[in-house]
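Worksheet for the structure shown next.
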Ligand SMILES: Nc1ncnc2c1ncn2[C@@H]1O[C@H](COP(=O)(O)OP(=O)(O)O)[C@@H](O)[C@H]1O
Ligand SMILES: [Mg+2]
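Residue numbers (our numbering): 13 to 172.
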């Protein structure tokens, strides 16, 4: 599987896609979310974290850099690196500790952590269209590939 392209017509479709990502990842792995301000990265993250079973609010971590979630046995970390000045700040945060035991790690603005962040399982690039959003899913490795296969299967059934 080389990847997957999806068109999501509205916010509800974006949240639902997050729910599908929750299902296929099982709450483990590293996902980079790329796209400009307002693309829908936080909306997608909210769908994913809710899909993992979180029932409370999902705040944008723009000011806190990271918001942690514990949902039963699942742990998730939602990062927003927008305000990072230097990728080295991630070293000072002890970024490596966050990846221990393979939780789900979501990164908005991963470019700001270049050189310090590990390779993701999946990169999702979101582009606003006249109406709705187009998404390009680029897996990097076997795990991301398997997610894309499962998502393609789901969206094929949806369309058919
Ligand atoms: N698939 C979609 N189609 C249309 N609008 C969307 C879609 N997904 C999200 N949005 C809207 O786009 C905006 C995205 O905001 P947000 O998720 O905070 O973006 P980001 O985190 O990328 O800056 C929200 O107003 C949301 O309602
Ligand atoms: Mg955001």
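All residues carry an ideal CB built from backbone N, CA and C; glycine is no exception.
So, for residue i: in the same chain, excluding its five sequence neighbours on each side, which residues have a beta-carbon less than 6 Å away from its beta-carbon?
| i | result |
| --- | --- |
| residue 66 | 81 and 83 |
| residue 174 | What the structure shows of the chain is the stretch from 13 to 172, and residue 174 is not part of that stretch, so it cannot be assessed. |
| residue 52 | 26, 138 and 145 |
| residue 30 | 56, 59, 60 and 63 |
| residue 87 | 115 |
| residue 118 | 43, 57 and 90 |
| residue 78 | 89 and 91 |
How long is the line joining the alpha carbons of residue i and residue j, rounded to whole angstroms?
| i | j | result |
| --- | --- | --- |
| residue 132 | residue 95 | 20 Å |
| residue 72 | residue 168 | 31 Å |
| residue 91 | residue 170 | 30 Å |
| residue 162 | residue 153 | 15 Å |
| residue 106 | residue 14 | 33 Å |
| residue 176 | residue 20 | Because the chain is modelled from 13 through 172, residue 176 falls outside the range shown and cannot be assessed. |
| residue 76 | residue 37 | 25 Å |
| residue 179 | residue 101 | This structure cannot speak to residue 179, because the chain is shown only from 13 to 172. |
| residue 39 | residue 113 | 11 Å |
| residue 111 | residue 69 | 23 Å |
| residue 28 | residue 47 | 19 Å |
| residue 45 | residue 135 | 6 Å |
Within 8 Å (strictly less), CB to CB, does residue i reach chain C?
| i | result |
| --- | --- |
| residue 50 | In the displayed structure, chain C is absent; only one protein chain is listed. |
Under 7 Å Cβ to Cβ from residue i, same chain only, skipping five residues before and after it: list those, please.
| i | result |
| --- | --- |
| residue 99 | 124, 125, 126, 127 and 128 |
| residue 155 | 41 and 133 |
| residue 166 | 32 |
| residue 74 | 92, 94 and 95 |
Going by DSSP, name the residue or residues bridged to residue i.
| i | result |
| --- | --- |
| residue 138 | 147 |
| residue 117 | 42 and 89 |
| residue 129 | For residue 129, which the question treats as bridged, DSSP gives no partner whatsoever. |
| residue 20 | 145 |
Report all residues from its chain with a CB closer than 8 Å to the CB of residue i; omit the five preceding and five following residues, and keep chain order.
| i | result |
| --- | --- |
| residue 103 | 128 |
For the region 30 to 103, list the alpha helix (DSSP H) runs that are entirely contained and at least 4 residues long, ordered along the chain. Within the region 30 to 103, complete alpha helix (DSSP H) segments of at least 4 residues are found at 53 to 63, given in chain order.
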